[in-house]
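Quick note, the sequences are listed as chains V and P, same order. Counting from 0, one number per residue, gives the positions in the first sequence under numbering that gives the first Met the number 0. Counting from 0, one number per residue, gives the positions in the second sequence under numbering that gives the first Met the number 0. For glycine and all other residues, C-beta sits at the position ideal for the given N, C-alpha and C.
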Amino acid sequence: MTAIYKREMRSYFTSPVGYIFVAVFLAVSAFLFMQFTVQAGESSSFSEYFSYILYVFIVIIPLITMKSISEERKMRTEQLILTSPVSLAGIVVAKFLAAFTLFGGTFVVASIIYYIPLAKYGTPNTAHYICSVIAIILAGAAFIAMGVFISSLTENQFVAALGTIAAIILLLLISVLNNYINSEFIRTILSAISFSARYSGFAAGVFDYSAVVYFSSLTALFLFLTVRVFEKRRWA
Amino acid sequence: MIKIEHLTKKYGDRYAIHDVNFEIGDGEIVGFLGPNGAGKTTTMSILTGYLSSTSGKAMIDGLDILEHPTAVKKKIGYLPEFPPLYLEMTVKEYLSFIYDLKKCTLNKKEHLAEICKVTKIENEFDRLIGNLSKGYRQRVGIAGALVGNPQVVIFDEPTNGLDPKQIIDIRSLIKELGKDHTVILSTHILSEVKSICDRIIIINEGQIVADVKTENIEQALRGNKKLSVTVAGPAPAVLAAIKKINGVTYAACSVNYSDGSSAFIVESVNDADIRKPLFYAMAQNGWPITSMEYMSANIEDVFISVVDETEEELSKERISEGRDNK
């Protein structure tokens, strides 16, 4: 498992993907931070910045998950890892962790950098800031697991990327439909599914345990499904 | 070492392999021979744990691949039909990745150096795999299969797509490996198995049609040939005359026709062509032969394709040998 994890991390940086991801993520998040925090005039308010970061995921998460498994299939290297003494779960978790490390690492570093001016020129609520970072990371983990899962369904990276983009948009924005729906019942369900609705608690400064459970179980679910995809193909 | 029992794999309603049984002992070099789509790759994929069988068992060293996948996979080195190479890695990185993947405990540097020496890729050690030629990629694939010194190495069409010189190199390499590994390889080229393997398992349409020692392969190919002859003459006398012909091992009357002729089945030793002596014997007695043909056996169908390619292959080798001599 560590071997696959290491190879995966290396492959991010022997191809442009890793660099592009880090560059785009940092540039866009820095811009958003500037726009919604520094230039907004209230230097210690950052809720809006974190809410917008979620939308950046639509573009950047597929970048790091699209080739995760689809490329192994296309290049037939999956025959190597599937005939090696590694469990299916080990393979899937290693793939997930590599993408998650890249994403989480970049985001944590960015968050630390952005905190410095906040603390210097204002009085940010540190606990709130840390909780927001944690929530974003967990939401990102769920999206990455989903991306890895979608990548396992196809040999085509492009299809995997498009599928992941569509799925992330759906999960983020599904609560927007609530404005047009009369049924209270359906509205409740859509809000429960929607990442942005789930995140609203954190934006308000509440550490929402149910959201944490939701993001984590979604991560686990998609990783489990990915293992099942491998198993199903083996038995097909 | 390797034991396969009633192995069956179905894709939908189609059998890829059907009730395959064989056993392979320690240190044997066994060739799977059969036309494309015969089930060679499927059998190998199941044996290596890449696919699961629909029913039946595949065991290595007494361990079932489905029950102890990790333990079994440690014992196997596998080179699939298309070598599973990461093109953006150097040979060194690739081999050491496999080394880590297989959780080897041998001394890494020495072990990898040894493998590279055996497969003759020492000079390519620091090159990117993506920049290597097909022959070298194939060697890197073989090197990958050898990492961790597995007891069993499985090669799926190891010489496919190589030039004649490379084919000869790879064959001698595999023969060398057979000294301390159990080797299974698949091919659709008869001359290849003949030159490398101790034993040949012929697969067609998902079933084993022959399992013989290499020295007996000719016999297996021709041994099944039976001659069916119809002769217009008194059956007992004709039969006696046929039996007297040199090389005939078995003869029997199968049908007596109403016009006084009878059909006979005649088997002969492998390389004897008894058709001419049979003709003269019948002619001497004034019994006209009204029909004579070889009865096609199962194995022959397989070899219509295989043998054709053998001829091609041999002529290629002759050309390359000629070049070498110059």
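Continuous alpha helix (DSSP H) stretch holding residue i: start and end
{"i": "P:K9", "result": "Per DSSP, P:K9 belongs to no alpha helix (DSSP H); it is in the beta strand (DSSP E), 1 to 10."}
{"i": "V:F24", "result": "15 to 32"}
{"i": "V:G146", "result": "125 to 151"}
{"i": "V:R72", "result": "69 to 73"}
{"i": "V:M65", "result": "First-last for V:M65: undefined, no H or E at that position."}
{"i": "V:I111", "result": "87 to 120"}
{"i": "V:F184", "result": "183 to 192"}
{"i": "V:L170", "result": "156 to 172"}
{"i": "V:R227", "result": "208 to 234"}
{"i": "V:N178", "result": "Segment: none, V:N178 is in no alpha helix (DSSP H) and carries neither H nor E."}
{"i": "P:M281", "result": "274 to 284"}
{"i": "V:L81", "result": "77 to 81"}
{"i": "P:Y135", "result": "133 to 145"}
Residues of its chain near residue i, where Cβ-Cβ distance is below 8 angstroms and the 5 sequence neighbours each way are ignored
{"i": "P:N324", "result": "Note that P:N324 scores a pLDDT of 48, beneath 50, so its modelled location is shaky and nothing firm can be said."}
{"i": "P:G246", "result": "S267, V268, A271, I273, P276"}
{"i": "V:I168", "result": "I57"}
{"i": "V:R233", "result": "L81"}
{"i": "P:E121", "result": "A112, C115"}
Spatial neighbours of residue i in its chain, beta-carbon cut-off 6 angstroms, leaving aside the 5 residues before and after
{"i": "V:G17", "result": "Y11"}
{"i": "V:Y179", "result": "none"}
{"i": "V:F229", "result": "L87"}
{"i": "P:G143", "result": "I97"}
{"i": "P:P287", "result": "A231"}
{"i": "P:C252", "result": "A234, L238, S261, F263"}
{"i": "V:S46", "result": "A202"}
{"i": "V:T1", "result": "none"}
Reference residue i, options the options, closest by Cα
{"i": "V:I59", "options": "V:G103, V:I180, V:T122", "result": "V:G103"}
{"i": "V:V21", "options": "V:F49, V:S131, V:F99", "result": "V:F99"}
{"i": "P:A369", "options": "P:E66, P:L46, P:H67", "result": "This structure cannot settle anything about residue 369 of chain P, because the visible part of chain P is limited to 0 through 325."}
{"i": "P:E214", "options": "P:D25, P:F278, P:M0, P:V29", "result": "P:V29"}
{"i": "V:I136", "options": "V:R75, V:S151, V:A109, V:R186", "result": "V:A109"}
{"i": "V:S14", "options": "P:Y293, P:L86, P:A250", "result": "P:L86"}
{"i": "P:F124", "options": "P:I141, P:L105, P:Q150, P:Y93", "result": "P:Y93"}
{"i": "P:Q137", "options": "P:S44, P:P157, P:K102", "result": "P:P157"}
{"i": "V:I149", "options": "V:S28, V:M33, V:M65", "result": "V:M65"}
{"i": "P:H5", "options": "P:V139, P:D197, P:C196, P:S54", "result": "P:S54"}
{"i": "P:L131", "options": "P:K8, P:T89, P:I195", "result": "P:T89"}
{"i": "P:L50", "options": "P:L226, P:A15, P:K178", "result": "P:A15"}
{"i": "P:D258", "options": "P:I195, P:V71, P:T229", "result": "P:T229"}
{"i": "P:L127", "options": "P:G140, P:K74, P:K91", "result": "P:K91"}
{"i": "P:A236", "options": "P:Q283, P:L184, P:I195", "result": "P:Q283"}
{"i": "P:S353", "options": "P:D179, P:A250, P:V139, P:K74", "result": "What the structure shows of chain P is the stretch from 0 to 325, and residue 353 of chain P is not part of that stretch, so it cannot be assessed."}
{"i": "P:V117", "options": "P:C103, P:I141, P:K108", "result": "P:I141"}
Where the beta strand (DSSP E) containing residue i begins and where it ends
{"i": "P:D168", "result": "Where P:D168 is concerned, there is no enclosing beta strand (DSSP E), although the alpha helix (DSSP H) it sits in stretches over 163 to 176."}
{"i": "P:R198", "result": "198 to 203"}
{"i": "P:T248", "result": "247 to 255"}
{"i": "P:K39", "result": "Looking at the DSSP string, P:K39 is not in any beta strand (DSSP E); the run it does join, the alpha helix (DSSP H), is 39 to 46."}
{"i": "P:H110", "result": "Per DSSP, P:H110 belongs to no beta strand (DSSP E); it is in the alpha helix (DSSP H), 107 to 117."}
{"i": "P:Y77", "result": "75 to 78"}
{"i": "P:M58", "result": "54 to 59"}
{"i": "P:L32", "result": "28 to 32"}
Cβ-based neighbour list, residue i, same chain, cut-off 7 angstroms, excluding 5 preceding and 5 following
{"i": "P:F21", "result": "I3, I200, I207, D210"}
{"i": "P:L176", "result": "V152, V182"}
{"i": "V:P61", "result": "G146, A160, T163, I164"}
{"i": "P:N255", "result": "A234, S261"}
{"i": "P:I244", "result": "I273, P276, L277, A280"}
{"i": "V:K231", "result": "none"}
{"i": "P:V71", "result": "G48, I59, L62, I64"}
For residue i: DSSP bridge partner residues
{"i": "P:D155", "result": "P:S185"}
{"i": "P:T229", "result": "P:A262, P:S290"}
{"i": "P:S330", "result": "Absent from the model: residue 330 of chain P. The displayed extent of chain P is 0 to 325, so no value can be given."}
{"i": "P:K14", "result": "According to the sequence provided, residue 14 of chain P is Tyr. The question's Lys does not apply to it. DSSP lists P:K9 as partners of P:Y14."}
{"i": "P:E22", "result": "P:K2"}
{"i": "P:Q206", "result": "P:N203"}
{"i": "P:D63", "result": "P:M58"}
{"i": "P:K212", "result": "P:R198"}
{"i": "V:T237", "result": "Outside the modelled stretch of chain V, which goes from 0 to 235, sits residue 237 of chain V, for which no answer is possible."}
{"i": "P:L127", "result": "P:T89"}
Residues that residue i contacts on chain C, provided the C-beta gap is smaller than 7 angstroms
{"i": "V:T13", "result": "Looking for chain C here will not work: the only protein chains present are V and P."}
**Message:** By the 7 angstroms beta-carbon criterion, what residues does the region 48 to 69 of chain P contribute toward chain V?
**Reply:** G48, Y49, L50, S51, T69
**Residues of the region 180 to 197 of chain V with Cβ closer than 7 angstroms to any Cβ of chain P, in chain order** = none
**Near-chain P residues of the region 86 to 98 of chain V (beta-carbon distance less than 8 angstroms), N- to C-terminal order** = S86
**Item:** Members of the region 98 to 123 of chain P near chain V, C-beta cut-off 9 angstroms
**Value:** Y98, D99, L100, K101, K102
**Message:** For the region 146 to 160 of chain P, list every residue whose C-beta sits within 8 angstroms of some C-beta in chain V, in sequence order.
**Reply:** none
**Prompt:** What residues from the region 40 to 70 of chain V come within 9 angstroms of chain P, judged by C-beta to C-beta, listed N to C?
**Reply:** none
**Members of the region 187 to 202 of chain P near chain V, C-beta cut-off 8 angstroms** = none
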